[in-house]
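Enquirer: If you count the sequence shown from 1, you need to add 498 to reach the numbering used here.
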Amino acid sequence: MVRTFAFGFPKLGEKREFKKLLEGFWKGKISEEELKNGMDRLNLWRIRLYSENVDIIPSNELSYYDFMLDTALMVGAIPSRFGEYKGLNTYFEMARGRNALELTKWFNTNYHYLVPELEGENFKLLINKPLEEYKFFKDKGIETVPQVIGLFTFLKLSKAPKRVEEDGLPVIVLEKLNTEESLTEFAQALIPVYKELLESLKNEGVKRVNFEEPALVVDMEPYEWEVVNKIYKELSEAGVEIGILTYYDSVSDYEKYLNLPVKALHFDLVSNKENLENLRSKGFPEDKELIAGIINGRQPWRANLKEKLSLIEELLKISNNLTIANAQPLYHLPVTVEPEDELPEGLKERLSFAKEKLRELKILKEVLEGKEGALEEVDFAEKVMTSVFAENPEVKRRVASLTEKDFSRDLPYKERAKIQNDHLNLPLFPTTTIGSFPQTQDVRKMRTAYRTGKISEEEYKKFIREKIKYAIEVQEDIGLDVLVHGEFERSDMVEYFAIKMDGIATTKHGWVLSYGSRVYRPPIIYGDVSRPEPMTLEEISYAQSLTSKPVKGMLTGPVTILNWSYYREDVPKREIAYQIALALLDEVKDLEEAGIKIIQIDEPAFREGVPLKKKDWPEYFDWAIKSFRLASRAKPETQIHTHMCYSEFNEIIEYIYEMDFDVISIEASRSKGEIIEVFEKFKGWDRQIGIGVYDIHSPAIPTKEEMRTIMKRAMKVLPKELLWINPDCGLKTRRWEEVIPALRNMVDMAKELREEVGVKV
Ligand code: GLN
Ligand code: ZN
């Protein structure tokens, strides 16, 4: 009989209980015991949902902050700066203290994990959370399968300190385990700890442990497979059944995966077709259990259960030891669609969030068991998901009629730059900011008041105008060269546009954790996308009317809107991106018409959309670059900026260049030597580049000297004529008291630098 299994169910809770508990504890409003009790209740609630719907239930999933941090603590990887482990204090110091671990994106998703640091080699089984959780549920009569981040994935995402020379001085830097030597060394050191874990679980009666190994879907070197083999060969000796879960893509080597000495293998059959094709053509071993990930954990659509049933039928021919499951962890989805009562007509019945996904697995099993009534739901799902919905023939026609010329500007960069220079008349090292200014308490209060109908649209708009006026005055006073309106009207750079565009819905309660207690609500692109009316014109034109300096028109780019939203699966991503780009192009035209000379199209999500496997890069970059170019097809005299707030450009700089912007602003304060490396390699870079000299993630006010050092570094590899000076990213999370002196320092530093290179100020 087919079994059902699910994993990764959101820990957030239906009313964001997780967030409230955590933040309550941090603020000292609840005690450690209350926190623990609250977390236990949440955990039980999750487990009940699992047990009402599926056969096999995972445990060890609820982390107080991040599962990679938990794994680091499990193996005793605590960097010496945190001292000895003293319970939750140390835990949250490592997560969010002054010298916290680095936070970074989890594979190609919007979840962020803490990067473990592997100092020394004295690892030991320190915090056995898998065992504690297993016992917690067992005491309540619930048998679970402990789920643990696999050792290979843990190692691939960790860093280890390494001694290097910088400017002639020895410094310690953290590096990924990117050599055979380092990977093998740490695998050797940690295998005994994982083995001890398995033995302790076995003693408690655990039959099976599932290891999450998403790192097996990324391109892998032969030596890495050897390490994986060694890990699982040794761990299988502990005498506990081992299952491996892989997700976000197909496994990087099908045969090698099949040959791992473990009991069960999970496949993501949703992210792309490759795993399924391999199963079809190469088969599956009789002595292993096939865990088929057939329910989408990343997109919120109801599954066409009829199709899933025929897939199950086919899979049963490949393996009669079959378990069906979700393809990727369910925490990429909100908890439930139940409370969403203001969605566009017909959308709710098409949606399926985490709770509904569990039910889909249950229905599939009921049908297989011949349970009465189950087929009705299958028929309903098929009817809903195959009917035409939210189409806009006009938008489709517009995309279909695009030609090569729509993707390029009328003049090449060199000629545009000349016209723009004459027209804008900016000094050397122009200074600017990235867009948002502090979103203070009053801004948030007024937004809520407006949303809940406590103040009128007119009052709200008046308030926003006052904020814009203040921001312009501040910038004029500081002496910045290119101004912004401050983005006070925007709660979120994607949601703001999503609300204004047709074909994109926003939810009321559709929260998803991005890290720690931080949540966001991804919009849902459900139909053809268009812009019924201007989206930013009013605020930008008002700001421009207050000053003779150029104010930047501020838009979120098509790739970022797409990557930070859920999107439909019946239409290629390329097509959706072009639709969004065309809506943005309409906005660009309106801004030009209104006399806006500089338009910034932010693409902070450009990097994270890059596929996990290199072979898929050309297709991604082709549509991503083209959609940016489509949106930014402005007049030659309009200066197009883009912004990306990270510096991991090394591998993709050539593609970024192809976006054909005039100016790009990037992060440069935290990542020390990276810019130098990138631009030493890229010969002939001729676009202007805004150097992010102010680390906006820190409340510290950067000094002139600090910022100057960063500029000097950039000047080593880039002609000074190309350089702008700006913060790393938007300033919305900062306070005016920090922002004003920091920007003053920045502008003063620019003036001094101009003098230094012999340019009249
Ligand atoms: N313009 C946006 C802002 O300043 C950019 C935000 C981002 O890059 N994440 O807030
Ligand atoms: Zn940014």
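Where a beta carbon is used, it is the ideal one built from N, C-alpha and C, also for glycine. None of these values were measured; they are calculated from a predicted model.
Please list the terminal residues of the continuous beta strand (DSSP E) segment that includes G1051.
Expert: By 1-based counting over the sequence shown, the position of residue 1051 is 553. Start and end: 1050–1054.
Enquirer: The ligand GLN and M1033: does any heavy atom of the ligand fall closer than 7 Å to the residue's C-beta?
Expert: Locating residue 1033 in the sequence shown gives position 535, counting from the first residue. Not so, every heavy atom of the ligand GLN lies at least 7 Å from the Cβ.
Enquirer: Smallest Cα separation from F634: which of G574, L699, L900, L924?
Expert: As a first step, residue 634 must be located in the sequence shown, where it is residue number 136. Nearest option by C-alpha distance: L699.
Enquirer: Give the DSSP-derived three-state secondary structure of T930 in the structure shown.
Expert: Against the sequence shown, residue 930 aligns to sequence position 432. Looking at T930 - three-state DSSP - the assignment turns out to be coil, as it is neither helix nor strand.
Enquirer: Would you call the region 878–896 and the region 507–527 touching, i.e. three or more CB-CB distances under 8 Å?
Expert: no
Enquirer: So the candidates are R895, K660, M1213, V886; which of them puts its Cα closest to the Cα of S1028?
Expert: Here residue 1028 is taken as the residue at index 530 of the sequence shown, counted from 1. Checking every option, the nearest Cα to that of S1028 belongs to R895.
Enquirer: Should N701 be labelled buried (16 or more other beta-carbon atoms within 10 Å of its own) or exposed?
Expert: In the sequence shown, residue 701 corresponds to position 203, counting from 1. Around the beta carbon of N701, fewer than 16 other beta carbons sit within 10 angstroms, so the residue counts as exposed.
Enquirer: Rounded to whole angstroms, how far is the Cβ of K1271 from the Cβ of N824, which I believe are closer than 8 Å?
Expert: Outside the displayed span of the chain (499 to 1259) sits residue 1271, for which this structure offers no information.
Enquirer: Output the distance between the C-alpha atoms of L649 and Y692, rounded to the nearest integer angstrom.
Expert: Counted from its first residue, the sequence shown places residue 649 at position 151. Counted from its first residue, the sequence shown places residue 692 at position 194. Cα to Cα, the separation comes out at about 8 Å.
Enquirer: Assuming L672 and K657 are in contact, meaning their beta carbons sit under 8 Å apart, how far apart are those beta carbons, in whole angstroms?
Expert: In the sequence shown, the residue the question calls residue 672 occupies position 174. In the sequence shown, the residue the question calls residue 657 occupies position 159. Approximately 4 Å separates the beta-carbon atoms of L672 and K657; this is inside 8 Å, confirming the contact.
Enquirer: Given a threshold of 16 other Cβ atoms within 10 Å of its Cβ, counted over all protein chains shown, does F565 qualify as buried or as exposed?
Expert: To locate residue 565, count along the sequence shown from 1; it is residue 67. So F565 counts as buried.
Enquirer: Got a list of residues with beta-carbon closer than 6 Å to any non-hydrogen atom of the ligand GLN, in chain order?
Expert: I932, G933, S934, E985, M991, M1052, D1100, P1102, H1141, C1143, C1227, G1228, K1230
Enquirer: Output yes or no for whether 8 Å exceeds the beta carbon distance between I966 and A1041.
Expert: Residue 966 sits at position 468 when you count from the first residue of the sequence shown. Residue 1041 sits at position 543 when you count from the first residue of the sequence shown. Yes, Cβ-Cβ distance for I966 and A1041 is below 8 Å.
Enquirer: Indicate the three-state DSSP secondary structure (helix, strand or coil) for I640 in the structure shown.
Expert: By 1-based counting over the sequence shown, the position of residue 640 is 142. In the structure shown, I640 sits in coil (DSSP, three-state: anything other than H, G, I, E or B).
Enquirer: Would you please state the rounded distance, in angstroms, between the beta carbons of Q1137 and K1087? I believe it to be under 8 Å.
Expert: Locating residue 1137 in the sequence shown gives position 639, counting from the first residue. Locating residue 1087 in the sequence shown gives position 589, counting from the first residue. Rounded to whole angstroms, the Cβ separation of Q1137 and K1087 is 15 Å, and the two are not in contact under 8 Å.
Enquirer: To the nearest angstrom, how far is the alpha carbon of E1165 from that of E870?
Expert: Residue numbering aside, residue 1165 sits at position 667 when the sequence shown is read from its first letter. Residue numbering aside, residue 870 sits at position 372 when the sequence shown is read from its first letter. For E1165 and E870, the distance between alpha carbons rounds to 59 Å.
Enquirer: Taking only three categories from DSSP, how would you classify M499?
Expert: Taking the first residue of the sequence shown as 1, we reach residue 499 at position 1. Correct three-state label for M499: coil.
Enquirer: Can you give me the C-alpha to C-alpha distance between L547 and V768, rounded to a whole angstrom?
Expert: In the sequence shown, counting from the first residue as 1, residue 547 sits at position 49. In the sequence shown, counting from the first residue as 1, residue 768 sits at position 270. Approximately 23 Å, taken between the alpha carbons.
Enquirer: Can you name, in chain order, every residue of its own chain whose Cβ lies under 7 Å from the Cβ of D1084, other than the five neighbours on each side?
Expert: Counted from its first residue, the sequence shown places residue 1084 at position 586. Cβ within range, chain order: R1029.
Enquirer: Which residues in the same chain have their Cβ closer than 8 Å to the Cβ of V882, if we skip the five residues on either side of it in sequence?
Expert: Position 384 of the sequence shown, counting from 1, holds the residue named residue 882. Counting only Cβ-Cβ distances below 8 Å, and skipping sequence neighbours, we find R800, E847, R848.
Enquirer: Can you tell me whether P759 is buried or exposed, with buried defined as 16 or more other CB within 10 angstroms of its CB?
Expert: Taking the first residue of the sequence shown as position 1, residue 759 is located at position 261. So P759 counts as exposed.
Enquirer: Please report the straight-line C-alpha distance between N626 and P827, rounded to a whole angstrom.
Expert: As a working note, residue 626 is residue 128 in the sequence shown. As a working note, residue 827 is residue 329 in the sequence shown. One C-alpha to the other measures close to 22 Å.
Enquirer: Taking 8 Å as the threshold, find out whether the region 1065–1081 comes into contact with the region 1012–1027 through three or more Cβ pairs.
Expert: yes
Enquirer: Given I822, which residues of its chain have a CB within under 7 Å of its CB, disregarding the five upstream and five downstream residues?
Expert: Numbered from 1 along the sequence shown, position 324 holds the residue referred to as residue 822. Closer than 7 Å at Cβ, skipping near neighbours: V500, T502, A790, I792, I810, L859, L862.
Enquirer: Helix, strand or coil for D538, going by three-state DSSP, please let me know.
Expert: For the purposes of this step, residue 538 is taken as residue 40 along the sequence shown, with counting starting at 1. In the structure shown, D538 adopts helical secondary structure according to DSSP, grouped into three states.
Enquirer: Determine the DSSP secondary structure at V893, reduced to helix, strand or coil.
Expert: Within the sequence shown, residue 893 is the residue found at index 395, counting from 1. If DSSP states are grouped into helix, strand and coil, V893 belongs with the helices.
Enquirer: Considering Cα atoms alone, identify which of T929, I1097, A570 is closest to A1240.
Expert: Locating residue 1240 in the sequence shown gives position 742, where the first residue counts as 1. Closest by alpha carbon: T929.
Enquirer: Which of helix, strand or coil does DSSP assign to M1142?
Expert: Numbered from its first residue, the sequence shown carries residue 1142 at position 644. Strand, per DSSP.
Enquirer: Helix, strand or coil for N1224, going by three-state DSSP, please let me know.
Expert: For this step, residue 1224 is matched to residue 726 along the sequence shown. Note: N1224 maps to strand in three-state DSSP.
Enquirer: Assign D839 to one of two classes, buried (16 or more other C-beta atoms within 10 Å of its C-beta) or exposed (fewer than that).
Expert: Taking the first residue of the sequence shown as position 1, residue 839 is located at position 341. So D839 ends up on the exposed side.
Enquirer: Does the separation of the CB atoms of A687 and I729 fall below 8 Å?
Expert: Walking along the sequence shown from the start, residue 687 turns up at place 189. Walking along the sequence shown from the start, residue 729 turns up at place 231. No.
Enquirer: In whole angstroms, what is the alpha-carbon distance linking S885 and A713?
Expert: Your numbering for residue 885 matches position 387 in the sequence shown. Your numbering for residue 713 matches position 215 in the sequence shown. Straight-line Cα distance between these residues: approximately 37 Å.
Enquirer: Please name the residue, chosen from F1177, P832, S1130, that lies closest to D1158 on a Cα-to-Cα basis.
Expert: The residue you call residue 1158 lines up with position 660 of the sequence shown. The option with the nearest alpha carbon to D1158 is S1130.
Enquirer: Return the first residue and the last residue of the alpha helix (DSSP H) that K657 is part of.
Expert: Numbered from its first residue, the sequence shown carries residue 657 at position 159. No alpha helix (DSSP H) holds K657; the beta strand (DSSP E) holding it covers 657–664.
Enquirer: Taking only three categories from DSSP, how would you classify H1007?
Expert: Sequence index remark: in the sequence shown, residue 1007 carries index 509 (1-based). Three-state DSSP puts H1007 in coil, outside helix and strand.
Enquirer: Residues in the same chain with beta-carbon distance under 8 Å from K873, minus the five sequence neighbours each way, listed in chain order, please.
Expert: Taking the sequence shown and counting its residues from 1, one reaches residue 873 at position 375. Rather than Lys, the amino acid found at residue 873 in this sequence is Leu. Hits under 8 Å: V865.
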